[in-house]
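Numbering (this note's numbering), first residue to last: -1 to 601. Okay, so here's the structure we're looking at.
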Amino acid sequence: MQGATLDRQSNLESVRGYAFYDWGKSAFETSVTTAVLPAWFAYLFLKANGLEAEILGRNMTSDAVWSVAVAIGALLVAIASPSLGVIADRRAIKMWWLRILTYLGAGSTIALAFAPVFDISMQWVWIFVMFLLANIGLNGAGVFYNALLPHMGTDDEMDAISNKAFAYGYFGGGVLLLIHLLMITFIVDGAGSNPSWLIPFVMASSGAWWLGFAMLTFKYVPEPEIENEMESLGIIQSAKLAFGELKKTFSEWRKFKTLFIYMFAYFLFIDGINSVTALAGIYGISVLGLTTTALIATILVIQFVAAPCAIGFTKLAEATSTKSALTMSLVGWVVVVTAALSFAPLELSQHSEYDFQYDWNQENTEYDITVGDTAFALKLSVDDSEQDWAVKWLNVMPIHEDDNYDDRTIYEFNNPDTESDEYRGASTADTQLIEMFFEDFSETRFSASVSGGPLDGRIALGDEHPTSLGDGPLDVVPETVRDKLWEPLGFGVMYQFLLLGCMAGALLGGSQGLARSLFGQMVPETRSAEFFGFFGFFGKVAALLGPAIYAFMTTMYDSRVGVASLCLLIIAGTFLMRIVDVDSGREDARAEDSRNRGIEKSP
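Here you go:
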């Protein structure tokens, strides 16, 4: 029987429309999820509740509530995506679902801008709900967006199309993030603060950016044809069909043995990669002592390095093969994560580098006390012992009571840039008390230095300070590299992290794009949404498992051991890739398409 061909040549206009969806939705992933919204949410949560709020009978911090929103969105889509994929392969509704979920995601992102119209006690709740809905829209749309890939061109074009879309995404997200960061940096009032409209504008413009470029996708990407399309079913009948087909898919694993092996390998290495990228920020702040500025700079570096390198990996795949190029990128990730273990801030050498700075005031014969830029805010710690420590040394620490809390006394660092004289700084003439304070530093994460006066040259360094190494199982690595490489070169931790950003950016677009492309090459077009539903399921479960492994290993040992455990996941996935026979997987997919389309294979 003659009929439709199994592979169709790509259409340039459709491919561009497909890539522009990545360009648009990446604004949510960069400006909203990574750079701006977490800090805004934490600020509003703290202002409304203090450090913790009782939710469903449990005291939860702002970061815990935030992680719940991320987890719920991922889990709901992970559970539903395989079933929705089955239905989407039986009816021509892939583009319909992409539209609906995009409207949900982009619309909820725009709605984040309306948080200020609510009372302060409800603003964080509004953000939680809208962010949850936006995440559901983003992750759900991703299932159907990925399922379109096998229909965009031939197997040989998959690498170029997939990587082009990722390149568009990195560049588009980076452009808007740069615009937003320039606005946040330069649009300030007389006190150095951003106007109240600016953050809501960032939210609304991110949603509009996503929706606007998605319109190009809706215009130029056609709905894939469905052979023998079934009639519309009710909810109950659709659910029965979906679960029946899923059961059938699992029972047919031998028919798609190569694809299932690849999905397991993908689960392992993408778990490691996504966990590394998701946890890099908190690792940089808590372990390496990075500033927010350094993190934002690294995000921008990753965006603009990843875009051209994604295209570069397309050329590498053309010169070798998709599997070989992907494997090379995974080996590169092992090198990057291993290199991250060697990163460490340089030992403090200047008075201005310390968290607490005591400067002798000759005129008043006392020490003026100020806070350095590297000090973490006391109120970010939910550990009462740190607040107790601050109260104990209240007279020699540059802190004051935070008036945002009515139910308990919370102290925060003085801000020397504030307009209020009350919070400008602190001072003391009690040198004996300063000495006693310095002797009580061992179990803290802070540093202190004295310049001038009778205590000139005295320093104190807590065991938990980022520069303190030697106690962890793997601390010999960063300690040795710091002494032999970073210190002689004067290569500070900010530049180390930027180097990491360059290395990760060079690999990120290629590894993600090629992983999706390779899957698309081995997926039957006639069952693309179903299998990409599984693809999305594995990705979402991996997004939960990796951080859990990191948290467990960090609790048992330390953060560097947690990072090393993620590296082992990438190594395991890389080794499993060796037994993935791509040609066999392609043949299995084409055979399934022939059966479903009623096309007889040529002798």
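Heads up, the beta-carbon is just placed ideally off N, CA and C, and yes, glycines get one too.
According to DSSP, is residue i part of a helix, a strand, or is it coil?
i    : result
R588 : helix
H398 : strand
M520 : coil
Y143 : helix
L498 : helix
N57  : strand
T442 : coil
I91  : coil
T426 : strand
E410 : strand
E223 : coil
E316 : helix
S65  : helix
S449 : strand
A104 : helix
A276 : helix
A549 : helix
E345 : coil
E50  : strand
Give me, in chain order, the residues of the same chain whose beta-carbon lies closer than 7 Å to that of residue i; leave out the 5 immediate sequence neighbours on both sides.
i    : result
V274 : V335 and L564
V186 : N192
L496 : A295, T296 and V299
T32  : I297
Y269 : For the record, residue 269 in the displayed sequence is Asp; it is not Tyr. Once the five neighbours on either side are set aside, the close Cβ partners of D269 are A540, L543, G544 and L567.
L277 : P545 and Y548
S327 : F311, L505, G508, S509 and L512
T256 : M520, V578, D579, S582, G583 and D586
D603 : The first residue shown for the chain is -1 and the last is 601, placing residue 603 beyond what the model contains.
Would you tell me roughly how many angstroms separate the C-alpha atoms of residue i and residue j, rounded to the nearest one?
i    : j    : result
Y555 : E345 : 23 Å
G135 : L99  : 5 Å
A338 : E221 : 44 Å
G450 : D386 : 29 Å
S526 : K92  : 10 Å
H398 : F311 : 53 Å
V389 : F435 : 12 Å
A513 : L293 : 27 Å
W38  : L214 : 31 Å
M150 : S29  : 29 Å
I259 : D353 : 51 Å
L130 : S592 : 41 Å
R456 : V448 : 5 Å
L54  : V394 : 40 Å
Q348 : I197 : 36 Å
F112 : V127 : 12 Å
L324 : R588 : 22 Å
A25  : V34  : 11 Å
By the DSSP assignment, the beta strand (DSSP E) with residue i in it spans what residues?
i    : result
D366 : E364 to V369
L42  : Note, L42: premise wrong, no beta strand (DSSP E); alpha helix (DSSP H) at L35 to N47.
L359 : It should be pointed out that residue 359 corresponds to Asn in this sequence rather than to Leu. N359 -> beta strand (DSSP E) spans F354 to N359.
I457 : I457 to L459
Mind checking which residues open and close the alpha helix (DSSP H) that includes residue i?
i    : result
F573 : S557 to L574
S204 : L196 to Y218
D20  : L10 to A25
W331 : T320 to L339
I159 : M156 to F184
G478 : In the sequence as presented, Gly is not what sits at residue 478; that position holds Thr. Run containing T478: V474 to V479, per the alpha helix (DSSP H) assignment.
If I measure Cβ to Cβ from residue i and keep anything under 6 Å in the same chain, skipping five residues before and after, which residues do I get?
i    : result
F211 : F18, W21 and G22
G205 : A104, T107 and I108
D157 : T312, A315, T320 and S515
G138 : V75 and L99
F43  : S60 and W122
V491 : L286 and P343
H178 : S29 and V200
For residue i, which residues in the same chain have their Cβ closer than 8 Å to its Cβ, ignoring the five residues on either side in sequence?
i    : result
T465 : G287, A342, P343, L344, E345, L346, S445 and L459
G279 : T32 and L293
M261 : F517, F532, F533 and F536
K253 : D586 and E590
E462 : E441, T442 and R443
L13  : Position check: residue 13 holds Val in this sequence, whereas Leu was assumed. Result list for V13: M150, G151, I159 and K162, in chain order.
F302 : Y168, F169, G172 and G503
So residue i and residue j are in contact, right, with Cβ under 8 Å, and what is the actual spacing, rounded?
i    : j    : result
C307 : G507 : 6 Å
L472 : V559 : 6 Å
E351 : G370 : 7 Å
G571 : F267 : 3 Å
I118 : K45  : 6 Å
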